[in-house]
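Residue numbers (the working numbering), protein chains in the order written: chain A, 23 to 162; chain B, 23 to 162; chain C, 23 to 162.
All C-beta atoms, glycine included, are put in the ideal place defined by N, C-alpha and C.
Being a predicted model, the structure only gives us computed values, none of them experimental.
Heads up: the structure comes next, in structure tokens.
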Amino acid sequence: MKQHTHRFTVRTSGKGLVAITHPVTDWVAQTGLTTGLLTIWCPHTSCSLTVQENADPTVQEDIARFFEALVPEQGGRYIHSSEGPDDMPAHLRTMLTQSGLSIPVIDGEPALGTWQGLYLFEHRRAPHRREIVLHLLGEE
Amino acid sequence: MKQHTHRFTVRTSGKGLVAITHPVTDWVAQTGLTTGLLTIWCPHTSCSLTVQENADPTVQEDIARFFEALVPEQGGRYIHSSEGPDDMPAHLRTMLTQSGLSIPVIDGEPALGTWQGLYLFEHRRAPHRREIVLHLLGEE
Amino acid sequence: MKQHTHRFTVRTSGKGLVAITHPVTDWVAQTGLTTGLLTIWCPHTSCSLTVQENADPTVQEDIARFFEALVPEQGGRYIHSSEGPDDMPAHLRTMLTQSGLSIPVIDGEPALGTWQGLYLFEHRRAPHRREIVLHLLGEE
Numbered sequence: 023m024k025q026h027t028h029r030f031t032v033r034t035s036g037k038g039l040v041a042i043t044h045p046v047t048d049w050v051a052q053t054g055l056t057t058g059l060l061t062i063w064c065p066h067t068s069c070s071l072t073v074q075e076n077a078d079p080t081v082q083e084d085i086a087r088f089f090e091a092l093v094p095e096q097g098g099r100y101i102h103s104s105e106g107p108d109d110m111p112a113h114l115r116t117m118l119t120q121s122g123l124s125i126p127v128i129d130g131e132p133a134l135g136t137w138q139g140l141y142l143f144e145h146r147r148a149p150h151r152r153e154i155v156l157h158l159l160g161e162e
Numbered sequence: 023m024k025q026h027t028h029r030f031t032v033r034t035s036g037k038g039l040v041a042i043t044h045p046v047t048d049w050v051a052q053t054g055l056t057t058g059l060l061t062i063w064c065p066h067t068s069c070s071l072t073v074q075e076n077a078d079p080t081v082q083e084d085i086a087r088f089f090e091a092l093v094p095e096q097g098g099r100y101i102h103s104s105e106g107p108d109d110m111p112a113h114l115r116t117m118l119t120q121s122g123l124s125i126p127v128i129d130g131e132p133a134l135g136t137w138q139g140l141y142l143f144e145h146r147r148a149p150h151r152r153e154i155v156l157h158l159l160g161e162e
Numbered sequence: 023m024k025q026h027t028h029r030f031t032v033r034t035s036g037k038g039l040v041a042i043t044h045p046v047t048d049w050v051a052q053t054g055l056t057t058g059l060l061t062i063w064c065p066h067t068s069c070s071l072t073v074q075e076n077a078d079p080t081v082q083e084d085i086a087r088f089f090e091a092l093v094p095e096q097g098g099r100y101i102h103s104s105e106g107p108d109d110m111p112a113h114l115r116t117m118l119t120q121s122g123l124s125i126p127v128i129d130g131e132p133a134l135g136t137w138q139g140l141y142l143f144e145h146r147r148a149p150h151r152r153e154i155v156l157h158l159l160g161e162e
């Protein structure tokens with residue numbers, strides 16, 4: 023049994039989903055491990071991880087609209103507003119999605135379904151550099 | 023340290039929770055590993071996993087009613103509607119629950135609490151065959 | 023590769039977040055493992071786990087207010103009400119957050135970001151003793 027860790031950076035350009043499937047699966051392939059457990063960790067409190075349909079881009083528009091309605095950015099709604107009107111909604115949207123994902127690796131690939139993509143979900147309006155931590159435990 | 027993987031199918035009959043605790047714990051017992059980490063992965067984007075009270079069936083009615091209100095199936099609400107009015111709500115309900123669960127295994131069983139049950143949460147109206155991927159890493 | 027498990031109790035005093043970062047990171051340090059995967063499991067159906075900003079206490083007030091509005095405690099709203107008006111909302115708030123978290127351990131510490139804290143999120147009004155299960159797999 024061996025383990026590997028890795029960190030990489032995702033540049034976001036405001037709110038929305040950024041696909042990270044390829045950098046993640048490429049790294050898994052590079053480790054040479056074929057069976058194991060992959061963990062993806064997002065060490066931030068105003069962006070998160072999600073698994074989502076990777077086919078139709080309008081899905082992402084619907085996601086954006088849904089989260090704007092579910093966790094509104096609204097003046098006076100939050101006590102914690104010193105870091106901007108999008109900061110507290112960002113924390114809440116992070117709580118409602120995932121900071122980490124652990125996925126079985128089988129035949130050298132994360133066991134994602136045909137339509138599943140891995141995404142960083144940026145909740146802040148301004149562009150950010152976001153770090154992703156990867157951990158893989160398994161056998162060749 | 024050893025690892026095992028397994029896949030099994032769950033037949034759903036429309037929206038709602040389907041208990042998967044027994045097929046999962048039975049497989050863990052069959053592996054013979056007594057201490058380790060179990061990961062359950064749901065490789066779909068319109069059903070998900072959840073941990074929920076396993077005692078009172080009315081809990082499941084309340085869950086259904088809550089998610090219908092939180093993520094309505096409503097004509098004209100979503101841009102992505104080509105796969106039916108329940109498809110985009112299914113993606114959103116999946117995002118708000120889990121695609122994967124990792125649970126410590128102690129004394130040969132997942133460390134679930136007395137009232138915790140594992141469920142597949144089907145979000146589509148039509149019956150589906152859903153695959154579940156299991157991974158267990160541990161020692162005898 | 024070695025593994026360790028541990029259980030500890032958190033006393034809650036009604037609804038809200040209780041910080042558990044220190045008991046978790048202290049136990050990781052005691053195991054002597056420096057690289058691995060930490061899993062935190064909450065074996066209850068009316069409290070959950072969340073990762074949240076650890077800096078400004080008003081964040082916790084906003085979280086409380088948001089979840090009261092998202093999942094109201096309201097007479098007549100839920101069928102499952104025999105265990106009190108806060109019980110069904112507690113199950114739903116648990117579903118919308120996490121029962122488990124798996125975090126890479128690097129250099130002897132969970133790879134949390136600067137602002138990330140680990141919290142038990144109590145959803146019941148009455149004080150409770152809550153158990154947390156820890157599992158760590160890794161190398162010295």
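When you compare the CB of residue i with every CB in chain B, is at least one pair closer than 8 angstroms?
i, result
"residue 57 of chain A", "yes"
"residue 160 of chain C", "no"
"residue 122 of chain C", "yes"
"residue 90 of chain A", "no"
"residue 75 of chain A", "yes"
Could you tell me which chain C residues have their CB closer than 7 angstroms to the CB of residue i, listed as they occur along the chain?
i, result
"residue 42 of chain B", "The premise fails here: residue 42 of chain B is roughly 15 angstroms from chain C at the closest Cβ pair, so nothing lies under 7 angstroms."
"residue 109 of chain B", "Going along chain C, no residue has its Cβ under 7 angstroms from residue 109 of chain B, so there is no contact; the nearest lies around 21 angstroms."
"residue 52 of chain A", "Chain C residues near residue 52 of chain A: none, gap ~17 angstroms exceeds 7 angstroms."
Between residue i and chain A, is there a C-beta pair that is closer than 8 angstroms?
i, result
"residue 100 of chain B", "yes"
"residue 138 of chain C", "yes"
"residue 150 of chain B", "no"
"residue 113 of chain B", "yes"
"residue 61 of chain B", "yes"
Select from the options the residue whose C-alpha is nearest the C-alpha of residue i.
i, options, result
"residue 75 of chain A", "B:51, B:111, B:59 and B:28", "B:111"
"residue 56 of chain B", "B:129, B:77 and B:109", "B:129"
"residue 109 of chain C", "B:50, B:46 and B:137", "B:137"
"residue 114 of chain A", "C:29, C:46, C:48 and C:89", "C:89"
"residue 86 of chain B", "B:139, B:101 and B:39", "B:39"
"residue 33 of chain A", "A:160, A:143 and A:162", "A:143"
"residue 18 of chain B", "B:119, B:61, B:107 and B:124", "This structure does not reach residue 18 of chain B, given that chain B is present from 23 up to 162, and the question cannot be answered."
"residue 123 of chain B", "B:42, B:54 and B:148", "B:42"
"residue 100 of chain C", "B:154, B:78 and B:100", "B:78"
"residue 8 of chain A", "A:147, A:149, A:94 and A:54", "Outside the displayed range of chain A (23 to 162) lies residue 8 of chain A, so it cannot be described from this structure."
"residue 153 of chain C", "C:26, C:25 and C:46", "C:46"
"residue 162 of chain C", "C:36, C:35 and C:59", "C:59"
"residue 119 of chain C", "C:64, C:104 and C:107", "C:64"
"residue 18 of chain C", "C:30, C:35, C:29 and C:146", "This structure cannot speak to residue 18 of chain C, because chain C is shown only from 23 to 162."
"residue 164 of chain A", "A:105, A:103 and A:50", "Coverage of chain A is limited to positions 23 through 162, which leaves residue 164 of chain A absent and any answer about it impossible."
"residue 8 of chain B", "B:31, B:107, B:28 and B:48", "Residue 8 of chain B falls outside the range modelled here, since chain B spans only 23 to 162, and no answer is possible."
"residue 131 of chain A", "A:98, A:29 and A:160", "A:160"
"residue 73 of chain C", "C:125, C:150, C:23 and C:105", "C:125"
"residue 48 of chain C", "C:35, C:116 and C:30", "C:30"
"residue 121 of chain A", "A:141, A:135, A:105 and A:103", "A:141"
"residue 92 of chain B", "B:117, B:103, B:28 and B:105", "B:117"
Give me the DSSP bridge partner(s) of residue i.
i, result
"residue 141 of chain C", "C:41 and C:72"
"residue 159 of chain C", "C:25 and C:59"
"residue 113 of chain C", "Residue 113 of chain C pairs with nothing; no bridge assigned."
"residue 120 of chain A", "A:71"
"residue 102 of chain C", "DSSP output for residue 102 of chain C lists no bridge partner at all."
"residue 153 of chain C", "C:31"
"residue 126 of chain B", "B:59"
"residue 131 of chain A", "A:128"
List the residues of chain A that residue i touches, going by C-beta distances under 7 angstroms, in chain order.
i, result
"residue 155 of chain B", "126 and 133"
"residue 27 of chain B", "57, 126 and 128"
"residue 80 of chain C", "101 and 102"
Name the chain B residues whose beta carbon is nearer than 7 angstroms to that of residue i?
i, result
"residue 65 of chain C", "133, 134, 135 and 138"
Going along chain B in order, which residues have a C-beta closer than 8 angstroms to the C-beta of residue i?
i, result
"residue 72 of chain A", "117"
Taking 8 angstroms as the threshold (beta carbon to beta carbon), is residue i in contact with chain C?
i, result
"residue 35 of chain A", "no"
"residue 96 of chain A", "no"
"residue 39 of chain A", "no"
"residue 85 of chain B", "yes"
"residue 31 of chain A", "no"
Task: At least 3 beta-carbon pairs within less than 8 angstroms: the region 53 to 69 of chain A vs the region 82 to 98 of chain B - done: no
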